Amino acid sequence: MRARLVTAVAASALSACLLAGCTGQDSEPTPTTSSTSTSASPEQLAADYLDKVCSATSAFATVQKTPPGADVTDPGKRKELMAVYMGQFGEAFTRSATELRAVGESPVAGGDQVVEKMAGTFTEMATVFTDAKTAVEQADANDQYGGLAPARDALAKLADFSVPLKEVESTPELAAAARKAPKCQALRTASPSPSATAGAPAAESSAPPSTS
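Read left to right, the sequence shown gives residues 28 to 239 (this note's numbering).
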């Protein structure tokens, strides 16, 4: 009886020790994490935000700058290549608009409005190129100049993007952050927009020849 009582007491003590986290050694105090860890400065937060913005807007810059078809003699093939080219721009602008709307809240006052405006512009450009793709696909391949007019008109609108981050530059705080964002600097040095006349045959002049 006494042996069973001792065993029960020992078991109870062992259970209490396990619940309390006892070990055979003296316990050491659990180190605490300092609450004074350094956080990013407002300037760095703004630069990181603009880096995401510029990454989103750079999708259209990945499309080749020289329109296809300049060395293609088959009108049908030229038309096909140009339609694909229009589609590439349409998809790129759509992707940029989607990514711009997913960059998160701006740490800079007014940044959300600027980014939403940029996303709206990219959405409009996506529509321009998607419509141009459809128009080229439906055009008469033998109308080598008029058939590609929708493509030339769409490419001409890329001139609006000759100054990268135009909307960003309108806000001093965003402009300053963009100068510190690597992807924004890379976007500034991107190659120029494609020519609106490249890849398309020149228009035939209807003016009479000179008699001088």
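The C-beta atom is built at its ideal place from N, Cα and C for all residues, glycine as well.
Source: prediction; values computed, not measured.
Helix, strand or coil, according to DSSP, for residue i in the structure here?
| i | result |
| --- | --- |
| S82 | helix |
| A67 | coil |
| A159 | helix |
| D75 | helix |
| T50 | Its pLDDT being 44, under 50, T50 is placed unreliably in this model, and the coordinates cannot settle the point. |
| E196 | helix |
| T89 | helix |
| K207 | coil |
Can you say whether residue i is buried or exposed, counting buried as having 16 or more other CB atoms within 10 angstroms of its CB?
| i | result |
| --- | --- |
| Y76 | buried |
| G147 | exposed |
| K144 | exposed |
| K106 | buried |
| G137 | exposed |
| S133 | buried |
| A129 | exposed |
| K92 | exposed |
Find out if the Cβ-Cβ distance for the pair residue i, residue j is shorter than 8 Å.
| i | j | result |
| --- | --- | --- |
| F149 | A124 | yes |
| L182 | P94 | yes |
| E200 | V142 | no |
| E126 | A83 | yes |
| P102 | Q171 | yes |
| G114 | K160 | yes |
| A202 | E196 | yes |
Identify, in the order they occur along the chain, each residue of the same chain with its Cβ nearer than 6 Å to the Cβ of residue i, setting aside the five sequence neighbours on each side.
| i | result |
| --- | --- |
| T121 | A153 |
| C211 | L77, C81 and A205 |
Residues in its own chain within less than 7 Å of residue i by CB, not counting five upstream and five downstream?
| i | result |
| --- | --- |
| A208 | A74, L77, D78 and C81 |
| T157 | G117 |
| A119 | A86, F87, T89 and V90 |
Please list, in chain order, all residues of the same chain as residue i whose beta carbon is under 8 Å from its beta carbon, the five residues on each side excluded.
| i | result |
| --- | --- |
| M109 | P94, P95, G96, V163, L175, A178, G226 and A227 |
Extract the residue ranges of the alpha helix (DSSP H) inside the stretch 126-184, only unbroken runs of 4 or more that lie entirely within it. 138-165 and 176-183
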